[in-house]
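Remarks on the structure that follows.
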Amino acid sequence: MTFDPMSVCIARPQVLVGFFEPQLQKQGTRMSLHTALPKRLALIAFATTALVAALSGCSSSAGTDTTTTVASVDQSVLDCIAGKSALVGPNGEEGTYADKVEATADQIAAASTAAAGGKIAISTHFASDYTTQVVAGIEKVAKEIGATIITTDAGSKPQTQISDIESLISQKPALLVIFPVDAAASAPGLKAAADANVPVVVVGSALEADNYSSLISAYDFGGGLQAAMQLVTALGGKGDIAVVPYKFSLWHVDNRVKGFEAGISCATGIKIVEDTVTCQAKADCTTAFSDILTANPSITGGFGAYDGIAQGMNAAAASAAWKGFITTSDLGLETAQLINSKTAALQATSAQITDCQGSAAGTAMVLTLAGADVPKVIFCENVAVDSSNVGKIYEQLFGAPLK
Numbered sequence: 118m119t120f121d122p123m124s125v126c127i128a129r130p131q132v133l134v135g136f137f138e139p140q141l142q143k144q145g146t147r148m149s150l151h152t153a154l155p156k157r158l159a160l161i162a163f164a165t166t167a168l169v170a171a172l173s174g175c176s177s178s179a180g181t182d183t184t185t186t187v188a189s190v191d192q193s194v195l196d197c198i199a200g201k202s203a204l205v206g207p208n209g210e211e212g213t214y215a216d217k218v219e220a221t222a223d224q225i226a227a228a229s230t231a232a233a234g235g236k237i238a239i240s241t242h243f244a245s246d247y248t249t250q251v252v253a254g255i256e257k258v259a260k261e262i263g264a265t266i267i268t269t270d271a272g273s274k275p276q277t278q279i280s281d282i283e284s285l286i287s288q289k290p291a292l293l294v295i296f297p298v299d300a301a302a303s304a305p306g307l308k309a310a311a312d313a314n315v316p317v318v319v320v321g322s323a324l325e326a327d328n329y330s331s332l333i334s335a336y337d338f339g340g341g342l343q344a345a346m347q348l349v350t351a352l353g354g355k356g357d358i359a360v361v362p363y364k365f366s367l368w369h370v371d372n373r374v375k376g377f378e379a380g381i382s383c384a385t386g387i388k389i390v391e392d393t394v395t396c397q398a399k400a401d402c403t404t405a406f407s408d409i410l411t412a413n414p415s416i417t418g419g420f421g422a423y424d425g426i427a428q429g430m431n432a433a434a435a436s437a438a439w440k441g442f443i444t445t446s447d448l449g450l451e452t453a454q455l456i457n458s459k460t461a462a463l464q465a466t467s468a469q470i471t472d473c474q475g476s477a478a479g480t481a482m483v484l485t486l487a488g489a490d491v492p493k494v495i496f497c498e499n500v501a502v503d504s505s506n507v508g509k510i511y512e513q514l515f516g517a518p519l520k
């Protein structure tokens with residue numbers, strides 16, 4: 118494969134992680150996405166250097182009179198962003214990457230004895246592509262140790278989740294998996310499980326308690342850094358931007374914002390002019406970002422804390438004919454389609470490797486049931502996505518072509 122400098126002369130510059138991304142080897146499996154995030158961020162920084170160098174030669178002769186030339190981003194800025202990476206859990210624990218956590222044959226046998234014919238209870242926060250994929254990974258491991266799963270959906274309501282957990286515990290499961298709705302409001306579920314001597318594995322986000330076996334999460338701080346790298350590159354290191362956080366306090370989503378803002382702090386030419394307006398889903402986020410654009414006409418970029426927020430931001434951008442650059446963290450069908458269109462404001466994301474979280478949660482479950490040591494926090498790495506690699510990454514995550 119050769120690099121064509123003129124291929125980056127486009128109306129909406131894309132981050133060239135698709136070209137410079139390692140070829141996801143390791144025998145072509147989905148787990149091949151698990152490379153060290155600091156190295157990945159350094160790779161993106163290298164790709165960005167090539168991008169801005171190539172953009173210096175862009176002009177209308179590239180085939181369109183709408184081509185935008187992007188200013189060069191100093192390499193020190195990109196190195197600064199890459200250097201912010203840190204694996205830290207919600208209570209300051211040192212995190213462990215999922216590919217470092219394995220169960221032995223003896224531990225699997227012990228877990229099978231503990232769970233044989235029993236149930237693995239799963240309390241989810243809300244229905245989503247993410248939830249479906251992670252639960253599928255847990256179910257696969259549950260079957261391997263002779264257990265069946267029972268699930269509930271809290272519909273984003275903390276009190277519903279508490280009721281769900283109490284109902285699940287009454288069925289005497291071998292282990293409970295919780296996808297928290299809210300860090301504080303869902304925490305009583307842990308006490309109920311502890312009172313019933315039911316071990317707990319937490320997935321997705323932390324709770325304001327630590328009486329669980331292990332927390333499995335995407336490396337969301339690193340995902341925020343990836344999104345910052347994308348936006349800094351797209352804006353040439355200059356401009357006013359908005360950050361739209363999630364309405365509720367969830368450690369993993371908050372960490373995306375922290376990682377993004379840490380990365381943006383490296384680019385002194387970029388100013389966050391709005392980061393206080395929160396929203397929950399696409400509908401109210403459309404209104405929220407519309408109001409932000411009205412109040413801040415200088416904005417040229419934005420970050421949504423998860424892709425539902427970013428989809429709302431994109432809808433507001435389309436209504437306002439706003440031509441800025443939006444990035445986020447998450448990858449589902451709608452987000453993938455928007456990025457793949459090359460015409461939407463939502464142009465990039467940092468995707469969670471959801472099958473990694475499912476298998477990691479399964480491994481933590483096995484180790485817990487076997488009475489073995491298990492890391493308190495297990496991270497699955499993200500992968501940077503833009504129009505150049507969205508089809509490839511989507512198919513690897515969902516097992517079907519992007520349409």
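Residue numbers (my numbering): 118 to 520.
For glycine and all other residues, C-beta sits at the position ideal for the given N, C-alpha and C.
| Item | Value |
| --- | --- |
| Going by DSSP, which residues form a beta bridge with Glu211? | Val205 |
| Please name the residue, chosen from Thr241, Gly340, Val370, Asp246, that lies closest to Ile279 on a Cα-to-Cα basis. | Thr241 |
| Taking buried to mean at least 16 other C-beta atoms within 10 Å of its own C-beta, is Lys201 buried or exposed? | buried |
| Should Pro518 be labelled buried (16 or more other beta-carbon atoms within 10 Å of its own) or exposed? | exposed |
| Okay, do the stretch 229-243 and the stretch 493-513 touch, 3+ Cβ pairs below 8 Å being the bar? | no |
| Taking the C-alpha atoms as reference points, what is the distance between Ala437 and Trp368? | 32 Å |
| Identify which residue in Ser284, Thr385, Lys257, Phe243 has its Cα closest to the Cα of Phe296. | Phe243 |
| Can you grab the Cα-Cα spacing for the pair Gly516 / Glu256, in whole Å? | 17 Å |
| Do the stretch 259-278 and the stretch 212-223 touch if we need at least three Cβ pairs shorter than 8 Å? | no |
| In whole angstroms, give me the CA-to-CA distance for Gly419 and Asn506. | 21 Å |
| From the DSSP output, which residues share a beta bridge with Gly421? | Val361 |
| Is Asp503 helix, strand or coil when you go by DSSP? | strand |
| Can you name the start and end residues of the beta strand (DSSP E) that Thr265 belongs to? | 265-270 |
| Using the Cα positions of Leu285 and Ala238, report the straight-line distance between them to the nearest angstrom. | 6 Å |
| I need the straight-line Cα distance from His151 to Ala478, nearest angstrom please. | Note on His151: pLDDT 37, under 50, position unreliable in the model; the coordinate value appears next. Approximately 16 Å between the Cα atoms of the pair. |
| Could you check what DSSP says for Ser240 in three-state terms: helix, strand or coil? | strand |
| Please name the residue in Thr277, Val218, Ser322, Ala203 whose C-alpha comes closest to that of Met482. | Val218 |
| Would you mind listing the alpha helix (DSSP H) stretches within the stretch 453-493 that are 4+ residues and don't spill past its ends, in chain order? | 471-486 |
| Identify whether Phe515 lies in helix, strand or coil by the three-state DSSP scheme. | helix |
| Let's test the definition: count the other Cβ atoms within 10 Å of the Cβ of Thr471 and tell me whether it reaches 16, buried, or not, exposed. | buried |
| Please list the segments of the alpha helix (DSSP H) lying wholly inside the stretch 305-361, counting only runs of 4 or more residues, in order along the chain. | 305-312, 337-351 |
| Suppose contacts are defined by Cβ-Cβ distances below 8 Å. Is Ser366 in contact with Ala300 by that definition? | yes |
| The beta strand (DSSP E) with Leu292 in it runs from where to where? | 292-295 |
| What distance in whole Å lies between the Cβ atoms of Gln347 and Ala465, which are believed to be in contact at a cut-off of 8 Å? | 4 Å |
| Beta strand (DSSP E) containing Ser446: first to last residue? | 442-446 |
| Report the rounded CA-to-CA distance for Thr385 versus Lys355, giving the unit in angstroms. | 8 Å |
| Between Lys509 and Lys364, what straight-line distance do the alpha-carbon atoms span, to the nearest angstrom? | 32 Å |
| Along the chain, where does the alpha helix (DSSP H) containing Glu261 start, and where does it finish? | 246-261 |
| Can you name, in chain order, every residue of its own chain whose Cβ lies under 6 Å from the Cβ of Ala489, other than the five neighbours on each side? | Gln224 |
| With a 10 Å radius around its C-beta and 16 neighbouring C-beta atoms as the bar for buried, classify Leu450 as buried or exposed. | exposed |
| Compute the Euclidean distance between the alpha carbons of Gln428 and Ser334, then round it to the nearest angstrom. | 23 Å |
| On the premise that Ile426 lies in contact with Ile389, defined as a C-beta separation below 8 Å, what is that separation, rounded to the nearest angstrom? | Going by Cβ atoms, the distance from Ile389 to Ile426 rounds to 15 Å, so no, they are not a contact pair. |
| In the structure shown, what three-state DSSP assignment does Cys497 receive? | strand |
| Counting C-beta neighbours from all protein chains within 10 Å, is the total for Thr452 16 or more, i.e. buried, or is it exposed? | buried |
| Look at the alpha carbon of Tyr329 and the alpha carbon of Trp439, and state the distance between them as a whole number of angstroms. | 45 Å |
| On the premise that Val361 lies in contact with Val394, defined as a C-beta separation below 8 Å, what is that separation, rounded to the nearest angstrom? | 6 Å |
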